[in-house]
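Report on the following structure.
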Amino acid sequence: MATPASVHAHAAPQGFIRRYIFSLDHKVIGIQYYFLALTAVFVGMFLSLLMRIHMIWPTAMIPLIGDIKPETYLSLVTMHGTIMVFFVLTTAPQGGFGNYILPIQIGAPDMAFPVLNMLSFWTTFVAYIVMLSAFVVQGGAPIHGWTGYPPLSAVQSTGPGEGLGADLWITGIAIFCVASLMGALNFITTTLDLRAKGMTMMRLPLTVWSWFITAILGLLAFGVLLSAGILLLMDRNLGTSFYLPLIVVNGQIMQHKGGSPLLWQHLFWFFGHPEVYIAILPGMGVASQVLSTFSRKPIFGYRAMVYAMLSIGFFGFMVWGHHMFMSGMSPYSAFAFSILTMCIGVPSAIKTFNWLGTMYKGRIRFQTPMLYAIGFVSLFVSGGLSGPFLAQPVLDIQLHDTAFVPAHFHLIMGVAAIFGIFAATYYWFPKMFGRMMNETWGKVHFFITLIGTYAIFMPMHYAGMAGQTRRYSQFTEVAYLQKLIPLNRFITYAAIITISAQFIFVINLFWSMFKGPKASDNPWEATTLEWTTATPPPHDNFGGVTPVVHNGPYEYGVPGAARDYVMQTDPAVGLGH
Amino acid sequence: MGLALMVVIWLITLVSTYFFVAKTWWLPVGAAEAANFIDGQFALTYVLMGIVFLAAQLGLGYIVWKYRARASSPPSDYSHGNTTLELIWTTLTAILFIGLNLMGGSVWASQRFDPPAADAVKVEVTGMQFAWYFRYPGPDGKYGATSPKLMDPSAGGEAAVGLNTSDPAAKDDVVTGTMYLPVNREVDLSLRAVDVIHSFFVPSLRFKQDAVPGLNIHMHLKPTLIGEYEIACAELCGLGHYKMHGMVHVVSQEDFDKWLAAREAEKQ
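Chains as they are written, first to last, in my numbering: chain R, 14 to 590; chain Y, 6 to 273.
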C-alpha cells in the first residue's frame, strides 16, 4: 500500500509564481491566509475606530474621509462585523495556522488535496475583493448589519447601500462559503487519512482536534449560509419572495408576498451560531497547546478536553434560536433553545477548569505566547459568564440588542479568538519564519491589549444593562442614552489607545521576520511534531523522513526523563496515551 | 512577570466588579409587573456569575503567580488530570446553569401564553421607518380594517397605518404618535411592522418584542408606576434607527379616559 508520503509528495516548485503565489505548499498557503487576515483585521479595526469616533463626536470632520453620516455609520457596522467574522476570525486561525501547522503536527507531507487547498485560498481572496468593492460602488456598503435581516437587506429602497453594495456583500459571502467548504473537506480528509504511524486520534495535539472539529462545523454550516445567501440574492433580483411578505416601503407597495423574514434568521443563525465556535475552537486548541508547553505540565484531562470540544460542536448546532428570543418565533421553542444553550456552557466550563488545572503545580514560563494564552483564559471566562444572562429568554427581554450583547460576544468570540491568534503567532512565528519575535515588545503589546480590551468591553456591559441599544449611530435623540455618553466617551478613548498599540505588533512582526535572532528547531522545548523538524520546515515538512509517533502530545515534566519534556517521536514513556 | 500578571488580572477583576456592585450603571427603574421577577432573576444570575467570575479570575491570577518557574521551584506535577474532579465540576456547572434557566420560565410564559385579562386595554403598535404609531380600537373594542394600498407614511396618523375609514369598525379607531396607558391595568398589545423589522423596546417597562412584517404578534404587560418612559427601537431598521424614538405615558385610569375621550372628540 502506498504511504501517504508517496501519494501526496509533489516536487518543490521552481519559479516565483508557483512558489509564492499559486503555490500548492500548505505552508505557503497558510502564510497567504494569515496575511490576508492581517490586512482584513486592520481594515475591520479601522472601521470600528471610525464608528467609535462617530458615536462620540457625530459631526467630527475626519481627515480624508469627511463627516460620517448615519447611513455611513451603518455601513461601517455592517462591514466591520462581516470582515472580522469571515476574513479574520474564520480565516486566520483555520486557514492560516490550521493550514500551516496541521499537516506538520500529524506528520504529513502536505494537505490531502493541495490543488483544492490553493483553490480555496484564491477563492477566499476573490471573496475578499468582492466584499471590499461594496465600499466603492454607488450608494456604498450595505447598512443592514453583518446579520443582514430582511426585509431591510432584501429590498433596494429600504435605505442607501441596499443597492449594488448589498448584492456585492451577499456575493462576497457566498464565494467565501464555497472557499470554506473546500477548506473544510481538505482539513477533514487530511486529519483522517494522513496521520503518521502511531499518531492515533487520542495522540493528536488538541490544536489538531480543534481544527478538525472546526472543519466539520464549517462543512455543515457554510452550505446552509450559501443557500440562504442565494435565496436572498433571488429575492433581491429575481422577484422571488422567500423572505418577503407584503410590505410597504416609503408608501410604495412592494411586489412580494407570502415570504417570511424569520426564515432568513433561522437559516442565518443555523450557520451563525456554529460560526461562533468556528472562530473560537482553534483558539481553545492553541490555548491548550501553549498552556501545557509553558507550564511544563501535561494538559489536564486530555480526553475531557476532546469530548468537551466535540460536545461544543454538537450542541453548537442546536442553539441557534437563542439569537431569536425576541424575533417573534414561537415562544415555546425558546425553552428548548435556552436549555440547550445552558448545556453548551457546561463543556465550556470544563475547558476552563482544565486550563487552570494545567497551570496548577506547573513551572510557568512567561514568554509572550503564554501571556496571550493566559489572557485568552481570562477573556474566555469574562465573556463566557455573560452567556448565562443572555441564554435566559426573560433576561433577554431587557438585554437583547443592547450593548450587553456586543460586550459578550466581543470578549468571547472576538477578542478571545484574537488572543488565540496572537498566542499562535508568537508561538509558531519562529517555526514559520525561522526567527524569534522580540519578547519585550511582545510583552508591552500584551499588557496594553489586555487592559485595553477590558477597558473597551467591560463598560459595554454597564451600558447594556442601562438599556443602551445597539447599532445607534449617535445617542443624541433618546434622553436616557444621552446620560450614557460619558461612559461611551471612555470606551472610545480606550479603543483609540488599544488600536494604536496594535502597530507595536505589526512592527514587531515585520521587523522580526527580517531582523529577529535566528530560531532553533525547538525554541520553546515543546513536544509536538512541528518541533522535530527543521526551522523553517523543508518543502515536504520532514526532509524525506516519515515521523513515527510513540507518545501523547503533552508529555512534560515526565519523572525520570533526561529532560523535562518527551517529544512525540521519542521512545514511549510514562502515561503516554 | 508572574507578579505583574497577577496584579493586572486582579485589578481588572476588582475594578470591573466594583462598577457592578456599586450599580453605577444599572437597569432603569422598573415600572411594570414583570420588573420584579426579571430584576430578581437578573440579580440572582449576576450574584452567581459574579462569584464564579471572581473565583476564576482571582484563581487564575494566583495560579500564574504561585506556579511561576523559579530556580527554587519544584518540578512540575506529572499529572494527566483527575476524573473525579472532572465529574464534580461538570455536575455542579450543569446544575447551576440549567437550574437558573428553569427558574425564568414562568414570567416568559405569563406574557406570552396566558390570555390577557378580560378588561385589558387593547393597543396596536405599528413600526415603520422611522416612527411608531399606536392604535386604540375605541368604544366598540374592535380594530377597523387596514390596507397596504392606503398607507401613506408622509401623511402620518391614520393614513400612515393605512386605516380604511369606510370600515364601520374604523370610525372610532384612534391613531396617535404617543402611547398612553392606564396604570395597573393589563395591556393587550398587537405588534406589527409595515416595511422592515423594528423592535418595540421600553426599558423601564421591561418590555421588548420585535415587530415583524407579515406577523401580528400578541403580548401583554401591566404598567405599575405612573410616569413617562422612552421607547427606543432595538432592531436595526435603516439609517434613522437611532432616532426611531417614542414615549409611553403611564397615567391614572381617570387621566387615560380623559385623554382617550379627547382624541375621540378630535376625530369627530
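Beta carbons: idealized from backbone N, C-alpha and C, even for Gly.
Item to complete: Can you grab the Cα-Cα spacing for the pair G66 of chain Y / I14 of chain Y, in whole Å?
Response: Straight through space, the alpha carbons of I14 of chain Y and G66 of chain Y are spaced by roughly 6 Å.
Fill in: Cross-strand partners of G79 of chain R (DSSP beta bridge)
According to DSSP, G79 of chain R bridges with R:I75.
Worksheet entry | Whole-Å CB distance - M214 of chain R paired with W182 of chain R, under 8 Å assumed | Wrong, their Cβ atoms sit about 39 Å apart, outside the cutoff.
Item to complete: Could you tell me which of R:L424, R:I363, R:A24 and R:A514 sits nearest to F459 of chain R, measuring between CA atoms?
Response: R:A514
Item to complete: Look at the alpha carbon of H590 of chain R and the alpha carbon of P116 of chain R, and state the distance between them as a whole number of angstroms.
Response: The pLDDT assigned to H590 of chain R is 48, lower than 50, so where the model puts this residue is not dependable, and the model offers no usable value.
Discussion item. Distance cutoff 7 Å, beta carbons only. Does G251 of chain Y sit that close to anything in chain R?
Written reply: no
Worksheet entry | Distance cut-off 6 Å: L59 of chain Y Cβ against heavy atoms of the ligand NAP | Absent from the structure shown: the ligand NAP. Ligands present: none.
Worksheet item: How about F516 of chain R: is its C-beta nearer than 7 Å to some C-beta of chain Y?
Response: no
Item to complete: May I ask which residues mark the beginning and end of the beta strand (DSSP E) holding F206 of chain Y?
Response: H203 to V207
Worksheet item: Can you list the residues of chain Y that I464 of chain R reaches, using a CB-CB cut of under 8 Å?
Response: V13 and I17
Discussion item. Taking only three categories from DSSP, how would you classify A416 of chain R?
Written reply: coil
Worksheet entry | For A404 of chain R and M355 of chain R, believed in contact at Cβ under 8 Å, the rounded distance | 5 Å
Worksheet item: Between the Cα of P173 of chain R and the Cα atoms of R:I30, R:E84, R:G529 and R:L276, which residue gives the shortest distance?
Response: When each option's Cα is compared against that of P173 of chain R, the closest is R:E84.
Worksheet item: Cβ atoms of G120 of chain R and P530 of chain R: under 7 Å apart, would you say?
Response: no
Worksheet item: the region 51 to 76 of chain Y: which residues have C-beta closer than 7 Å to a C-beta of chain R, in chain order?
Response: M54, V57, F58, A61, Q62, G64, L65, I68, V69, Y72, R73 and A74
Fill in: Selection from R:L542, R:W537, R:Q495 and R:I357 that minimises the alpha carbon distance to F102 of chain Y
The shortest C-alpha separation from F102 of chain Y is found at R:I357.
Item to complete: Classify P572 of chain R as helix, strand or coil using the three-state DSSP reduction.
Response: coil
Discussion item. For Y493 of chain R, which residues in the same chain have their Cβ closer than 7 Å to its Cβ, ignoring the five residues on either side in sequence?
Written reply: G480
Worksheet item: Does the beta-carbon of Q258 of chain Y have 16 or more other beta-carbons within 10 angstroms, so that it is buried, or is it exposed?
Response: Exposed.
Discussion item. What does the alpha-carbon distance come out to for the pair P406 of chain R and A209 of chain R?
Written reply: Between the alpha carbons of P406 of chain R and A209 of chain R lies a distance of about 48 Å.
Discussion item. Let me see if you follow: with CB-CB separation under 7 Å, is Y23 of chain Y close to chain R or not?
Written reply: no
Fill in: Y141 of chain R in three-state terms, based on DSSP
helix
Worksheet item: Taking the beta strand (DSSP E) that D193 of chain Y falls in, what are its first and last residues?
Response: Unbroken beta strand (DSSP E) run through D193 of chain Y: V192 to A198.
Practice prompt. Scan the region 145 to 218 of chain R and note each continuous alpha helix (DSSP H) run of 4 residues or more that stays entirely inside, going in chain order.
Written response: 177 to 206
Worksheet item: Closer than 8 Å, Cβ to any Cβ of chain Y: which residues of the region 372 to 387 of chain R, in chain order?
Response: M372, Y373, K374, G375, R376, I377, R378, F379, L384 and I387
Discussion item. Within 7 Å of any Cβ in chain R, is that where the Cβ of A175 of chain Y sits?
Written reply: No, because no Cβ of chain R sits closer than 7 Å to the Cβ of A175 of chain Y.
Practice prompt. Less than 8 Å between the CB atoms is what I'm expecting for A37 of chain Y and R190 of chain Y, so what's the real figure, rounded?
Written response: About 12 Å separates the two Cβ atoms, so there is no contact after all.
Item to complete: Specify, as a first and last residue, the run of the alpha helix (DSSP H) that I510 of chain R falls within.
Response: I498 to K528
Discussion item. For A18 of chain R, count the other beta carbons within 10 Å of its own beta carbon; 16 or more makes it buried, fewer makes it exposed. Which is it?
Written reply: For A18 of chain R, the predicted model reports a pLDDT of 46, less than 50, meaning its position is unreliable; a value from the coordinates is still stated below. Classification of A18 of chain R: buried, given that the 10 Å Cβ count is 16 or more.
Worksheet item: Which two residues bound the contiguous alpha helix (DSSP H) that contains Y345 of chain R?
Response: P344 to M372
Worksheet item: Under 7 Å between the Cβ atoms of Q107 of chain R and T227 of chain R?
Response: yes
Worksheet item: Using the C-alpha atoms, what's the distance from I512 of chain R back to P566 of chain R?
Response: 36 Å
Item to complete: Assuming M11 of chain Y and V69 of chain Y form a contact by the criterion Cβ under 8 Å, report the distance between their Cβ atoms to the nearest whole angstrom.
Response: 6 Å
Fill in: Straight-line gap, D145 of chain Y to T151 of chain Y (C-alpha atoms, nearest Å)
D145 of chain Y and T151 of chain Y: Cα-Cα distance of roughly 16 Å.
Fill in: Contact set between L265 of chain Y and chain R, taken where Cβ atoms lie within less than 8 Å
Near L265 of chain Y there are no residues of chain R at all, since even the closest Cβ is about 26 Å away, more than 8 Å.
Discussion item. Counting only beta-carbon separations shorter than 7 Å, does D274 of chain Y have a partner in chain R?
Written reply: Residue 274 of chain Y falls outside the range modelled here, since chain Y spans only 6 to 273, and no answer is possible.
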